[in-house]
Each structure stands twice: as structure tokens, then as C-alpha cells.
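Chains H and D supply the protein sequences, listed in that same order.
One point on numbering: in the working numbering, the residue at position 236 of the first sequence is 216, and numbering is uninterrupted.
One point on numbering: in the working numbering, the residue at position 74 of the second sequence is 54, and numbering is uninterrupted.
Protein chains: 2
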Amino acid sequence: METNNQGDHYLSSLKNALRILNSFSMDEPEKKVSEISSSLGLNKSTVSRTMATLASEGFVYKDPETKKYRLGLSILTLSGVVNSSMDIYRESQPILNELVETLGETAHISVLDHLDVIYLHKVECNHPVRFLTHVGRRNPPYCTSSGKVLLAFSNEAVLHSVIEKGLDKYSKNTITDPLKLHANLREVKKNGYASSVEELLDGVTSIAAPIYDYKGKVIAALSIVGPKQRIPSHKIQGIAKKVISAGLEISRNMGYRKID
Amino acid sequence: METNNQGDHYLSSLKNALRILNSFSMDEPEKKVSEISSSLGLNKSTVSRTMATLASEGFVYKDPETKKYRLGLSILTLSGVVNSSMDIYRESQPILNELVETLGETAHISVLDHLDVIYLHKVECNHPVRFLTHVGRRNPPYCTSSGKVLLAFSNEAVLHSVIEKGLDKYSKNTITDPLKLHANLREVKKNGYASSVEELLDGVTSIAAPIYDYKGKVIAALSIVGPKQRIPSHKIQGIAKKVISAGLEISRNMGYRKID
DNA sequence: CACCATTGTTTCTCTATGTGAAACAATTAA
DNA sequence: TTAATTGTTTCACATAGAGAAACAATGGTG
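Take a look at the structure:
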């Protein structure tokens, strides 16, 4: 598209359709043809035909009243396939349940996808105050505990790209200085866990630990999230211990054998 | 392409791609180019280019080792949008939680999509023995309690299509006789709930009740599922009462006001 | 180690397909 | 009523995508 010239042999009509699908978000869950057309710079008729084809296979659904399109149920079906074919999903389920029960806070499994942290799995706690995250959600990696774990244990190139893209200030404690981020990640690697106290959202604290595969490579992060007042600073270390050991347990289920 | 002439203005390369995506399932979560090519009757090179394009937008992921493709994380992200933009998802959450707690069995919300029952939402119980259902799963409507509720309250045309497609025998109690199905659905409509005792799977019982929208139209079903031994026949009616009232509560949240 | 068998990607040519402008409907607004 | 904004369809043309075959990359197998 813009960067590499070798990837120009993509099927353009398909690429259009996929860009349209990816443009749906929680903020814009439904759109009209003309909106899509103008926002993505595509011809009206192109969008119209594309949407008709997408609808024919259940990827979008057209509200007959408002004429707006929203994502269709084929996507739900496919997401079920994604989950069930992901071994980490199966292996982590019971351990997440236990962790949520003992800590009383919501737990997630997440991975790095391009330059986002994406939540693969979530087990909610029973507290009435929840509703911050959901499976599939993407967040910036440099201001979430899971993101920082994943960055700390990935190669320099990824970190570089993240910094290059820019460190925006999401909340009062967001780290926007590359040097400070570097230092923080070194800490994370040393301690074996990361914490984020109001780095992404005001009033929200999270703690994360790595999950390893059979090769000893960090493939995911396990994190717990909760309101700041339920997770005061002095409790972080104790909670981190539990998160770390839960992470190791999942890792062992994934074939990891601690070497050192 | 081959069948109907009115649907001929679909974009063929896009249609191909969507058919490929929809061909992934729990049984076949990963496939090679040649497998896709032969199973869908598409040219090798077509599939190769299509997959490359799909991968470029994160809809599939290519395992560099095995060269097999699996569904990508964009689908997870989009499924999050589907869920969060679905008001029934939000409205039903707390009521499902409560129902699961009091009954101790897993609960689902499901709707009819074409001729399938599809699970939109699921709250699992704590029992170690659970089931293989998952959000997005599709089941035949005539042998699940939720499906029978949805059929009983939908129009005749849908039922006709279902019967026309054929009533396969999934389990010992599957209703395969159209007349018996008709009779059963009349019962369902009269009683306001449906039950399925080993109609889809041996050893599995489920009980479902309708969910109404503000117009009084049945738009979804609420069901609970459990092993037969935990839900004996004599308990079904009592449980059904609870399921029905939970369904009504969700309906009220969706704007339904009981008229009669 | 050479052999054949299968695979995925690329090249190439040509046709069919998708694009965009404009015409046409169908709503909605003024 | 007219005007404005929308979604769909028509149409002609350029081009993008399909298919055959060549190529490359593996992987068995003897």
C-alpha cells in the first residue's frame, strides 16, 4: 500500500472489503454506504457491491430499517473457531478461573499483534464494577502491564517500532519518554512481572506476568486488572507473585520446562 | 456464478475469500493452500493470492513452519465489536449470571441465523463437567430447546425450510418426523418453553424460553444446558419456570411490556 | 544421494471482472 | 413542491484477476 512495493499484488477488491470490515469498531459499530465510501475513499458503487457480497456470506448484516450495515454472525462463528483452535485458550482456562477466585479480580491472556496488545481470553470477577475490556480488544502495549511484559521479552525491533509510532499520553502515569520506557522494561525483565498504575486509564491498575512456550519463548502475557483502590501499591508485589506462578503453570501446560 | 442469476453481481474474488474463511471450522481449524484449492474447487494460484491478501489484513495467519493457514486475530477483534454492539448482550449479562448461580448450569442466549441456531452469549457454570458449546457455535434448530423455541415463535416459512432441508437423527430422541415436530412446537408455544432431553446429544438436557423485543416479537432464546442426571424429568417444569421469568426480565430490559 | 511427488509462489497472457461516472431510484428534508 | 442526499444499477472501458504452466522449495522413498 504505502510502504513495501512487493506486496502490491494483493487482490484489490478483497483488500477493500477487508479494510471495510476492519473499519468497524466499538465506536462505529454500524455505518452507511456513503459513510464508508467517504471515510475510506472508495467509490459509492464499489462499497455498495462489496457490502452486498459481504452480506451474502453473513459477514455483515444490513438493517432493513436504517439501511445501516453492522458486522454479521459469521464473524462470531469464526471467532469461536479461533478460540477453540488456540491451545493456550484451553490450557489457561482452569488456571485463570482459580486466579480470579483467589484474587477477586478479572484476568486476561493477551498477545502482541503488530503493535497492539490484543486480549485473547478473559475471565471476569464477580465484582459489580467491571466492563473495561473484552476479548479482541486492542490496546497500546507501552501503557498496559501485559503490553510491557510482552515488549520486555520481545526483540528490540518491536520496541523500536512502538516508540517510532509515538508514545501518546493516555492517562496521568503514561510513560511517554522512550528512555523511561526502556528503563521500565529492564525492570520488568528483571522482576519477571509488570505493573501499570493508571498508565492507560485513570483509577485502573493491572499486573502481568509472562507465559512461555516449550522453547522458553514468551508467547503471551497473563494479567489481572482492577480498580486502583482494590489494588493498593503495597499489595502489588504479593499479587504479582501469584500472577507469576499462575503464568508458569500455564507455561508448563504449554510444554515449558524451566531450565535455570 | 452458477446458480441464481439475480445474485450474479457479487464480487467473485471477494466471494471466494469469504467462502474460504467460512470453510474454517473447529474440525478444520488449519488448512494448506492445496487443501482449500481442492475442497472449494478453486485454482491453486487463486487461493494463494487470496490467502496472502487475507493475511495482509490479519484475517488469517500463516504458520511459517507448517505453511498452514489458520484464522487470524482480526476476527477476534471484530467479534468483540459484534458482541459489544449487541444490546441483548449487555442486557442479559447480569440476569444470566444470576440464573447460572441459582441453577448451577450453563446458560446461553441464541438466535436463528438462516437455518441454524447460533449461540451469541454463554455464561458457564462452575461444575467441572461442562459442554462443548461456545459462542458462535451453530446447531440444528429442531433438536435443541432454544431452536425449538425460536421455531415455535417464528413464521411457518422458516419451519418449512428447516423440514425441507431434512430432519437428521443426531441422537436417540431427535424428532425426525415433521408431524411430531409440528405437534411439539405447538406444545412449546402453549407452554412458553421448550425442553430437549437427548435430542441433540446423548446425556444432555436443555430447557429454553423466549426473549421478546419491544414489539413483542421473539428475537432470541434463553436456554440452560446440563447433563441429564443433573436435570431429571421431574425437575424440568420447575426449572422452566425460572428460565421463563429470566427470559421475561431480559425482555423487559429490551423494552418489552407484557400486554395480555 | 539422486529421484519423483507435492507443495506454494510467480510469471505470463487474455478474458472477464471490477471500477468509476453517471443515470436512476428511493428517501428524507426544507 | 422542490431540493438534497442517499443506495443501487447501468454502461463502457481499462485493468485486475483467473488459469495454465513454469518455477522453486520441500519431503519422502528407494
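We treat Cβ as the ideally placed atom computed from N, Cα and C, and that holds for glycine.
Predicted model, so just to flag it, every value in this text is computed and none were measured.
Identify, in the order they occur along the chain, each residue of the same chain with its Cβ nearer than 8 Å to the Cβ of residue i, setting aside the five sequence neighbours on each side.
{"i": "Glu78 (chain H)", "result": "Ala226"}
{"i": "Val198 (chain D)", "result": "Val129, Leu130, Phe133, Ser134, Pro190, Ile191, Tyr192"}
{"i": "Pro9 (chain H)", "result": "Arg50, Leu51"}
{"i": "Lys208 (chain H)", "result": "Val177, Glu178, Gly183, Val184, Thr185"}
{"i": "Thr82 (chain H)", "result": "Lys222"}
{"i": "Asn171 (chain D)", "result": "Ala220"}
{"i": "Ser213 (chain D)", "result": "Val177"}
Roughly how many whole angstroms lie between the Cα atoms of residue i and residue j?
{"i": "Val158 (chain H)", "j": "Tyr122 (chain H)", "result": "Looking at the sequence shown, residue 158 (chain H) is not Val but Pro. So the two alpha carbons sit approximately 10 Å from each other."}
{"i": "Glu104 (chain D)", "j": "Lys222 (chain D)", "result": "17 Å"}
{"i": "Glu(-18) (chain D)", "j": "Leu100 (chain H)", "result": "Per-residue confidence for Glu(-18) (chain D) stands at a pLDDT of 30, beneath the threshold of 50, marking its modelled position as unreliable; the derived number appears in the next sentence. Distance between the alpha carbons of Glu(-18) (chain D) and Leu100 (chain H) is about 39 Å."}
{"i": "Ala35 (chain H)", "j": "Met66 (chain D)", "result": "18 Å"}
{"i": "Leu139 (chain H)", "j": "Ile143 (chain D)", "result": "57 Å"}
{"i": "Ile75 (chain D)", "j": "Glu85 (chain D)", "result": "13 Å"}
{"i": "Leu94 (chain H)", "j": "Leu(-2) (chain H)", "result": "As written in the sequence, residue 94 (chain H) is His, which differs from the Leu given in the question. Each residue's Cα considered, the two are about 17 Å apart."}
{"i": "Val205 (chain H)", "j": "Thr113 (chain H)", "result": "9 Å"}
{"i": "Lys160 (chain H)", "j": "Ile211 (chain D)", "result": "58 Å"}
{"i": "Leu58 (chain D)", "j": "Glu229 (chain H)", "result": "30 Å"}
{"i": "Gln(-14) (chain H)", "j": "Ser(-8) (chain H)", "result": "Summary for Gln(-14) (chain H): the model assigns pLDDT 36, below 50, so the residue's position carries little reliability; its value from the coordinates is reported in the next sentence. The alpha-carbon atoms of Gln(-14) (chain H) and Ser(-8) (chain H) are separated by roughly 14 Å."}
{"i": "Arg118 (chain D)", "j": "Leu1 (chain D)", "result": "16 Å"}
{"i": "Asn(-4) (chain H)", "j": "Asp7 (chain H)", "result": "20 Å"}
{"i": "Ile55 (chain D)", "j": "Met31 (chain D)", "result": "15 Å"}
{"i": "Glu45 (chain D)", "j": "Arg232 (chain H)", "result": "22 Å"}
{"i": "Glu15 (chain H)", "j": "Gly218 (chain H)", "result": "50 Å"}
{"i": "Ser17 (chain D)", "j": "Arg29 (chain D)", "result": "12 Å"}
{"i": "Asn106 (chain H)", "j": "Tyr69 (chain D)", "result": "17 Å"}
{"i": "Glu71 (chain D)", "j": "Lys12 (chain H)", "result": "26 Å"}
{"i": "Gly60 (chain H)", "j": "Ser64 (chain D)", "result": "16 Å"}
{"i": "Gln73 (chain D)", "j": "Val62 (chain D)", "result": "15 Å"}
{"i": "Glu136 (chain D)", "j": "Thr154 (chain D)", "result": "20 Å"}
{"i": "Asn(-16) (chain D)", "j": "Leu165 (chain H)", "result": "With a pLDDT of 32 at Asn(-16) (chain D), under the threshold of 50, the modelled position of that residue is not reliable, and the figure given next carries that caveat. Answer to the nearest angstrom: the Cα atoms are 59 Å apart."}
{"i": "Pro120 (chain H)", "j": "Lys169 (chain D)", "result": "50 Å"}
{"i": "Asp43 (chain D)", "j": "Ile216 (chain H)", "result": "37 Å"}
Which residues of chain H have a Cβ atom closer than 9 Å to the Cβ of residue i, listed in chain order?
{"i": "Ala32 (chain D)", "result": "Gly(-13), His(-11), Tyr(-10), Leu(-9)"}
{"i": "Ser65 (chain D)", "result": "Phe4, Met6, Pro9, Glu10, Arg50, Leu51"}
Suppose the cutoff is 7 Å on Cβ atoms and the five residues either side in sequence are ignored; what does the same chain contact list for residue i look like?
{"i": "Ser90 (chain D)", "result": "Val97, Ile98, Tyr99, Leu100, Ser126, Ala200, Ala201, Ser203"}
{"i": "Asp182 (chain H)", "result": "Ser151, Lys152"}
Below 6 Å CB to CB, which residues in the same chain sit around residue i once its five sequence neighbours on both sides are set aside?
{"i": "Gly235 (chain D)", "result": "Tyr194"}
{"i": "Lys102 (chain D)", "result": "His88, Val115"}
{"i": "Phe4 (chain D)", "result": "Leu51"}
{"i": "Leu180 (chain H)", "result": "Cys123, Thr124, Tyr150, Ser151"}
{"i": "Ser186 (chain H)", "result": "Ser125, Ser176, Ser203, Val205"}
{"i": "Ala188 (chain D)", "result": "Ser125, Ser126, Val129, Ala174, Ala201, Ser203"}
{"i": "Thr156 (chain D)", "result": "Leu147, Lys149"}
Classify residue i as helix, strand or coil using the three-state DSSP reduction.
{"i": "Gly93 (chain H)", "result": "One detail in the question is off: residue 93 (chain H) reads as Asp in this sequence, not Gly. Strand, per DSSP."}
{"i": "Ile216 (chain H)", "result": "helix"}
{"i": "Met(-19) (chain H)", "result": "Summary for Met(-19) (chain H): the model assigns pLDDT 29, below 50, so the residue's position carries little reliability, and this model does not support an answer."}
{"i": "Val103 (chain D)", "result": "strand"}
{"i": "Ile199 (chain H)", "result": "strand"}
{"i": "Ile256 (chain H)", "result": "Outside the modelled stretch of chain H, which goes from -19 to 240, sits residue 256 (chain H), for which no answer is possible."}
{"i": "Arg29 (chain D)", "result": "helix"}
{"i": "Gly227 (chain H)", "result": "helix"}
{"i": "Pro190 (chain H)", "result": "strand"}
{"i": "Val142 (chain H)", "result": "helix"}
{"i": "His88 (chain D)", "result": "strand"}
{"i": "Lys11 (chain H)", "result": "strand"}
{"i": "Lys169 (chain D)", "result": "helix"}
{"i": "Ser36 (chain H)", "result": "helix"}
{"i": "Arg237 (chain H)", "result": "coil"}
{"i": "Gly116 (chain D)", "result": "coil"}
{"i": "Tyr41 (chain D)", "result": "strand"}
{"i": "Leu51 (chain D)", "result": "strand"}
{"i": "Ile16 (chain D)", "result": "helix"}
{"i": "Gly21 (chain H)", "result": "coil"}
Can you name the residues of chain H whose CB is closer than 8 Å to the CB of residue i?
{"i": "Ile224 (chain D)", "result": "Ordered by position in chain H, no residue passes the 8 Å Cβ test against Ile224 (chain D), which lies about 25 Å from the chain."}
{"i": "Arg(-1) (chain D)", "result": "Glu37"}
{"i": "Asp93 (chain D)", "result": "Gly38, Leu53"}
{"i": "Arg29 (chain D)", "result": "His(-11), Tyr(-10), Leu(-9)"}
Do residue i and the ligand COA come close, with the Cβ less than 8 Å from some heavy atom?
{"i": "Ser186 (chain D)", "result": "In terms of ligand content, the structure shown is empty, and the ligand COA therefore cannot be addressed."}
In chain D, which residues lie less than 9 Å from residue i when you measure between Cβ atoms?
{"i": "Phe133 (chain H)", "result": "Neighbours of Phe133 (chain H) on chain D: none; closest Cβ ~19 Å, over 9 Å."}
Can you list the residues of chain D that residue i reaches, using a CB-CB cut of under 8 Å?
{"i": "Lys(-5) (chain H)", "result": "Thr33, Ser36, Glu37"}
Just to make sure I have the definition right: I need the residues of chain D whose C-beta is within less than 7 Å of the C-beta of residue i. Which are they?
{"i": "Val61 (chain H)", "result": "Phe4, Ser5, Met6, Pro9, Leu51"}
Run through chain H and tell me which residues come within less than 7 Å of residue i, C-beta to C-beta.
{"i": "Thr57 (chain D)", "result": "Ile98, Gly116, Arg118"}
Stretch pair the segment 31 to 46 of chain D + the segment 145 to 152 of chain D: three plus CB contacts closer than 8 Å: no
Three-pair Cβ contact test at 8 Å for the segment 174 to 181 of chain D versus the segment 118 to 132 of chain D: yes
Sufficient close CB pairs (3 or more, under 8 Å) joining the segment 16 to 25 of chain D to the segment 20 to 32 of chain H: no
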